[in-house]
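Here's the structure, in structure tokens; my notes come after.
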Amino acid sequence: MSHPLIFIHLSDIHFRKQQADGRSVIDDDIRNEVLLDLDRLHFATAAGVLVSGDVAFSGAKDEYVVAREWLAEVNKKIKSEPQNVWVVPGNHDVNRDAIKDSPLLMDVQRIIRSAQPSDIDGHIAKYLLEEKLLPELLFSPIQEYLAFASLFSCHHKPNQPIWTDDLHLNDGSILRIVGLNSTLYPIDLMMMAQINSSSARRNCNFRGSLVSNTSRFAITPRNG
Numbered sequence: 731m732s733h734p735l736i737f738i739h740l741s742d743i744h745f746r747k748q749q750a751d752g753r754s755v756i757d758d759d760i761r762n763e764v765l766l767d768l769d770r771l772h773f774a775t776a777a778g779v780l781v782s783g784d785v786a787f788s789g790a791k792d793e794y795v796v797a798r799e800w801l802a803e804v805n806k807k808i809k810s811e812p813q814n815v816w817v818v819p820g821n822h823d824v825n826r827d828a829i830k831d832s833p834l835l836m837d838v839q840r841i842i843r844s845a846q847p848s849d850i851d852g853h854i855a856k857y858l859l860e861e862k863l864l865p866e867l868l869f870s871p872i873q874e875y876l877a878f879a880s881l882f883s884c885h886h887k888p889n890q891p892i893w894t895d896d897l898h899l900n901d902g903s904i905l906r907i908v909g910l911n912s913t914l915y916p917i918d919l920m921m922m923a924q925i926n927s928s929s930a931r932r933n934c935n936f937r938g939s940l941v942s943n944t945s946r947f948a949i950t951p952r953n954g
């Protein structure tokens, strides 16, 4: 007997560390309601959790510690393994202080920002593939996010602009989950839907053609 493939899709969970005075932090009430909703739905089981951007609030290490604990609680409620989480970064996963502290990175972002929209992907590809120091520099504002994402094998790298994961279904077909990274754009450009959509189409074709029984599902951030 076949069973439906169910994912829990979350976005903009914006984790912050508890405030020093004990007051609740932003979105705590919403996250609590999510857990209550999962209790009410009485899942037999689900495949896992998809998080489409903005795991943290400001890209700080302690925010991801709290996020990991909460996502483990979500997986427990849907009777899925703790590692069954697929994530991509959003604009709130960028540590903006890391950008401000690097004049070179600010210069690179200024060049990207001044380029025509059709040329932006070409600039980023050049920085990732042809320069010696810039690839790691471009990824430096999301280092804490990358450490968090690597726990779930969703790690973006300079030579790996997307990640993929194949789920083998009981009918013999494959569901390929594709995670995209829009944080290489300056934050203001991440907000432009046309930039993200064009990049998504290019990145989804990064791995070339698929075998006939493979479906593809791309996770892109909901920036805001």
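Just so we're aligned, residue 731 is where the sequence shown starts under the numbering used here, counting upward by one.
Yeah, the Cβ is synthetic: ideal placement off N, Cα and C, and Gly gets one too.
- In this structure, the CA atom of isoleucine 892 is about 7 Å from the CA atom of valine 908.
- Contact annotation: arginine 798 and leucine 881 have beta-carbon atoms nearer than 9 Å.
- Cβ-Cβ distances below 6 Å link aspartate 895 to Ile907 in the same chain, with the five nearest sequence neighbours on each side left out; the list follows chain order.
- Selection Asn911, Phe878, Lys856 evaluated against glutamine 813 yields Phe878 as nearest (Cα-Cα).
- With a beta-carbon spacing of about 37 Å, alanine 777 and leucine 835 fall beyond the 8 Å limit used to define contacts.
- Shown here, serine 741 sits in coil according to DSSP, grouped into three states, outside any helix or strand.
- Within the same chain, and ignoring the five residues on either side of lysine 807 in sequence, the residues whose Cβ sits closer than 8 Å to its Cβ are Leu765, Leu768, Asp769, Phe773.
- Beta-bridge pairing by DSSP links serine 782 to Val818.
- Using a 10 angstroms sphere on the CB of histidine 822, the tally of other CB atoms reaches 16 or more, which defines it as buried.
- For aspartate 769, the three-state secondary structure derived from DSSP is helix.
- Between valine 817 and cysteine 884, the C-beta gap is smaller than 9 Å, which places the two residues in contact.
- The closest CA to that of tyrosine 915, considering only Ala790, Leu867, Val815, is found on Leu867.
- Restricting attention to Gln846, Tyr857, Phe787, Leu858, the CA atom closest to the CA of arginine 826 is found in Phe787.
- Between the alpha carbons of leucine 897 and serine 810 lies a gap of roughly 14 Å.
- The alpha-carbon separation between alanine 845 and glycine 783 amounts to approximately 25 Å.
- Each residue's CA atom was taken as its position, placing tyrosine 875 and glycine 902 some 34 Å apart.
- Looking at the DSSP output, threonine 894 shares a beta bridge with Val908.
- Per the coordinates, the alpha-carbon of arginine 843 lies some 15 Å from the alpha-carbon of lysine 856.
- Looking at the DSSP output, lysine 887 shares a beta bridge with Gln890.
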